[in-house]
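Here is the structure we will look at, set down as structure tokens.
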Amino acid sequence: MQYAAAPANEGFSVQLRSMGIRPTVIRLCVLQTLAESGSEWLGGEEVFRRMLARGTATGLASVYRVIKELEQAGLIQREWERSLGGVRAVHRLRRPQALEVTVRLSCGGCNASVEVVDEALHQGLMRAAQAHGLSAGGPVTVHLGCMKADCARCDNALPAATSMQRADTARAASVKLQVR
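Just so you know, the sequence shown maps onto residues 0 to 179 in numbering that gives the first Met the number 0.
Encoded structure:
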């Protein structure tokens, strides 16, 4: 098995060493892959594919093991993403605590999402959650129905639904708050 050179981000190496974790090529590549994805959430298989495309030879099981280690160390965060096939874990680098006012808006049909850092919106949603008896704190995910009758992503995600059914569902969909 031949490994590509370690990623150029020395910060990850120093960070791992300071936590008592040996900075192996696989650990560094997983961190670098998640860093390159920005705010995009990646599943373990997507991290694996991107590492292979970069030239890092590893196994899928190793990637999942490293993701679990890095999550336990607090370097990456996990969220659960709903899809037609069920629920899957997705990951990204842990954000600074200042970004705990993030509101993630997610389409209920195709799972397209966008993150908004808006303190006023976040506080309003927290007040609404508390008013309904939910404990509040941290980031919030709002699941919305897709309003576009011709959404290509929803067409792929919901092959049995017609555009008219999807539009009717979207109008009738309620907003779900996921408060962690």
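Glycine included, each C-beta is placed from N, C-alpha and C at the ideal position.
- request: Tell me where the alpha helix (DSSP H) around residue 100 begins and ends.
  value: Taking the first residue of the sequence shown as position 1, residue 100 is located at position 101. Run containing residue 100: none; DSSP gives neither H nor E here.
- request: Closer than 6 Å by C-beta to residue 91: which residues in its own chain qualify, once you throw out the five before and the five after it? Chain order, please.
  value: To locate residue 91, count along the sequence shown from 1; it is residue 92. So the list reads 33, 40, once near-sequence residues are dropped.
message: Tell me which residues share the same chain as residue 120 and place their Cβ nearer than 6 Å to its Cβ, disregarding the 5 neighbours each side in the sequence.
response: The count along the sequence shown starts at 1 and reaches residue 120 at position 121. Excluding positions up to five away in sequence, the list reads 102.
task: Measure the Cβ-Cβ separation of residue 29 and residue 66 and say whether it is below 8 Å.
output: As a first step, residue 29 must be located in the sequence shown, where it is residue number 30. As a first step, residue 66 must be located in the sequence shown, where it is residue number 67. The answer is yes: Cβ separation under 8 Å.
query: Does DSSP put residue 61 in a helix, in a strand, or in coil?
result: Position 62 of the sequence shown, counting from 1, holds the residue named residue 61. Residue state, collapsed to three classes: helix.
task: State the DSSP-derived secondary structure class of residue 77, mapped to helix, strand or coil.
output: The sequence position of residue 77 within the sequence shown is 78, counting from 1. Note: residue 77 maps to strand in three-state DSSP.
- request: Please determine, among 84, 83, 88, 127, the residue with the shortest C-alpha to C-alpha distance to residue 76.
  value: In the sequence shown, the residue the question calls residue 76 occupies position 77. Looking at the Cα atoms, 88 is the closest of the given residues.
message: DSSP has residue 113 in a bridge; who is on the other side?
response: As a working mapping, residue 113 is identified with position 114 in the sequence shown. In the DSSP output, where bridge partners are listed per residue, residue 113 has 104.
query: Helix, strand or coil for residue 169 per DSSP?
result: Stepping through the sequence shown from its first residue, residue 169 is reached at position 170. In this predicted model, residue 169 has a pLDDT of only 37, less than 50, meaning its place in the structure is not dependable; the value taken from the coordinates is given anyway. Helix, per DSSP.
query: Any idea what DSSP makes of residue 157, helix, strand or coil?
result: For this step, residue 157 is matched to residue 158 along the sequence shown. Confidence at residue 157 is low in this model, with a pLDDT of 43, below 50, so its placement is unreliable and no value can be given for it.
Identified DSSP bridge partners for residue 88: For the purposes of this step, residue 88 is taken as residue 89 along the sequence shown, with counting starting at 1. Bridge partners of residue 88: 79.
query: Within 10 angstroms of its Cβ, does residue 71 collect 16 or more other Cβ (buried), or is it exposed?
result: Position 72 of the sequence shown, counting from 1, holds the residue named residue 71. By the 10 Å Cβ count, residue 71 comes out exposed.
task: Check the DSSP bridge columns for residue 41 and list the partner residues they point to.
output: Along the sequence shown, read from residue 1 onward, the residue named residue 41 stands at position 42. For residue 41, which the question treats as bridged, DSSP gives the partners 90.
- prompt: Which whole-angstrom value describes the C-beta separation of residue 118 and residue 100, a residue pair presumed to lie in contact below a C-beta threshold of 8 Å?
  reply: Within the sequence shown, numbered from 1, the residue matching residue 118 stands at position 119. Within the sequence shown, numbered from 1, the residue matching residue 100 stands at position 101. Right, their Cβ atoms sit about 5 Å apart.
message: Beta-carbon within less than 7 Å of residue 68's beta-carbon, same chain only, minus the 5 sequence neighbours each way: which residues are those?
response: By 1-based counting over the sequence shown, the position of residue 68 is 69. Closer than 7 Å at Cβ, skipping near neighbours: no residue.
query: If residue 93 sits next to residue 74, beta carbons under 8 Å apart, how far is it from one beta carbon to the other, in whole angstroms?
result: Position 94 of the sequence shown, counted from the start, is the residue given in the question as residue 93. Position 75 of the sequence shown, counted from the start, is the residue given in the question as residue 74. That pair is a contact at about 6 Å.
task: Would you check if the distance between the CB atom of residue 86 and the CB atom of residue 78 is smaller than 8 Å?
output: On the sequence shown, residue 86 is found 87 positions in, with the first residue counted as 1. On the sequence shown, residue 78 is found 79 positions in, with the first residue counted as 1. No; because the gap between Cβ atoms is not below 8 Å, this pair is not in contact.
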